[in-house]
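Okay, so here's the structure we're looking at.
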Amino acid sequence: MSVDWNGVADVVAAVCMLLGAFLAFAAGIGIVRFPDLLARMHAATKPQVLGLILMLIAAGLRVHVWSVVGMLVLVVVFQLLTAPVAAHMVGRAGFRTRKVPHEDLVVDDLTADQEEALAEEDAADAAEEDAEAAARRDLPPSSDGSG
2 MSVDWNGVAD VVAAVCMLLG AFLAFAAGIG IVRFPDLLAR MHAATKPQVL
52 GLILMLIAAG LRVHVWSVVG MLVLVVVFQL LTAPVAAHMV GRAGFRTRKV
102 PHEDLVVDDL TADQEEALAE EDAADAAEED AEAAARRDLP PSSDGSG
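Count along the sequence shown from 1, then add 1; that gives the number in the working numbering.
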């Protein structure tokens, strides 16, 4: 009894395609229906990335060309590298613009870091203004007679 591997690959590809489509659809519904930024960001990254990976696996099983499969693997790798970074940046921007309700946070490490960074920035600005004022006091009068 021989196994038809092309038939098995077609069935597995169909299952992966359906699961991937369902996850992408669930991500879209989550983005529309979830109440706040953090929940929407979760829906935009987790099921979307897994759905895309399942669809690319299905495409790789259907296409029997190694160069195409290699390209699909690169897409998966870049998606796995960029989606968490993008979600982190969106979450941090939302936190800075006060779109994240602080009462929903269990641990809030970012507020202390943000206040410290703002204090350092203010100190650096004040030091720069002091240096400019001191430089203006020490300048010799200009030779054109204007000052």
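Just so it is clear, CB atoms sit at the ideal spot from N, CA and C, and this is done for glycine as well.
* Asked: For T46, does the count of other Cβ atoms within 10 angstroms reach 16, so buried, or fall short, so exposed?
  -> buried
* Between L55 and G21, what straight-line distance do the alpha-carbon atoms span, to the nearest angstrom? -> 5 Å
* Ordered along the chain, which non-local residues of its own chain (more than five positions away) have a Cβ less than 8 Å from that of E116? -> none
* To do: Would you decide whether P36 is buried or exposed? Buried here means 16 or more other CB atoms lie within 10 Å of its CB.
  => Exposed is the call here.
* Do you know offhand how far F79's Cα is from L57's? -> 13 Å
* Asked: Grouping DSSP H, G and I as helix and E and B as strand, with all else coil, what is H43?
  -> helix
* Would you kindly work out how many angstroms separate the C-alpha atoms of A124 and P102, rounded to a whole number? => 29 Å
* Can you give me the Cβ contacts of R41 inside the same chain, cut-off strictly under 6 Å, excluding the 5 residues immediately before and after it? => Same-chain partners within the cutoff: I32 and F35.
* Asked: Does the pairing of the region 72–88 with the region 5–25 give three or more beta-carbon distances under 8 Å?
  -> no
* **Close-in-space but distant-in-sequence residues of the same chain around A27 (CB under 6 Å, 5 per side omitted)** => P48
* Asked: Are the beta-carbon atoms of L62 and A10 separated by less than 8 Å?
  -> yes
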